[in-house]
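Numbering (the working numbering), first residue to last: 42 to 258. Presented below is the structure to which this report refers.
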């Protein structure tokens, strides 16, 4: 009986590993990339979507390799502030994410988003392959019919995505204290003040009304 214990323990470990591998294979992990103005806000919105595994703020769509935040916001790099979203397609589909995206931005504005102006704050959907493009185009056509005005957000082929500096990852949850016009406050508080002051949710509600999933009342 004593000799059987190590054998049974080994079987239990192997069974546990097999179950973990099976569970991982059961998930269909895919990636979506959206530019929706300030990437802090896009992260904050999509982190609330069931099925989203992770969000990463970064830069894409331009020509400068390994750009910095300062370079991108200054202009001339061609990059957008964007967020790469990893999601389980068994829980939330790519179409559902694109549908949500339209309703979290002002897709009628070609010059930036809300109080943030300039090329780096433009909106875009970056697609990987023909399947994503077909879904994104169909979603855009549906969204176009749902609002007054013409959606100007382009659907572009995804290229290199450069992860933004550490301070920009999960900024809306940050506890580090930063200097603002109101004095030193946490990143989370600075983010909240910025989002309210920039009028993001107010404008999204004007466009989408009750269809805006995160803009509140």
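Using N, Cα and C, we set each Cβ at its ideal position, and we do this for glycine too.
- At a Cβ-Cβ threshold of 9 Å, residue 231 and residue 219 count as neighbours.
- Across the structure, residue 131 and residue 77 are spaced so that their CA atoms are roughly 25 Å apart.
- With fewer than 16 neighbouring CB atoms inside 10 Å of its own CB, residue 158 falls in the exposed class.
- Residue 186 is classed as exposed because its beta carbon has fewer than 16 other beta carbons within 10 Å across all chains shown.
- The residue from 125, 100, 140 and 121 with its alpha-carbon nearest to that of residue 85 is 125.
- The beta carbons of residue 74 and residue 123 sit closer together than 9 Å.
- Per DSSP, the beta-bridge partners of residue 124 are 75 and 98.
- The Cβ-Cβ distance between residue 194 and residue 148 falls below 9 Å.
- The alpha carbon of residue 129 has as its nearest neighbour, out of 96, 111, 204 and 70, the alpha carbon of 70.
- Taking a C-beta distance under 9 Å as the contact criterion, residue 169 and residue 72 qualify as a contact pair.
- DSSP places residue 214 within a helical segment (H, G or I) once states are collapsed to three.
- Of the residues assessed, residue 247 falls on the exposed side of the cut-off, its CB having fewer than 16 other CB atoms within 10 angstroms.
- In its chain, beyond the 5 residues on either side, 74, 101, 167, 168 and 169 have a beta carbon closer than 8 Å to the beta carbon of residue 199.
- Among the bridge pairs identified by DSSP, residue 129 is matched with 70.
- One Cα belongs to residue 135, the other to residue 223, and the distance between them is close to 40 Å.
- 146 is the residue among 146, 178, 216 and 162 whose C-alpha sits nearest the C-alpha of residue 250.
- Annotated three-state conformation of residue 238 is helix, per DSSP.
- Annotation: residue 153 to residue 205 spans about 19 Å, alpha carbon to alpha carbon.
- About 6 Å separates the beta carbons of residue 82 and residue 241, which is inside the 8 Å limit, making them a contact pair.
- In this structure, the CA atom of residue 256 is about 22 Å from the CA atom of residue 177.
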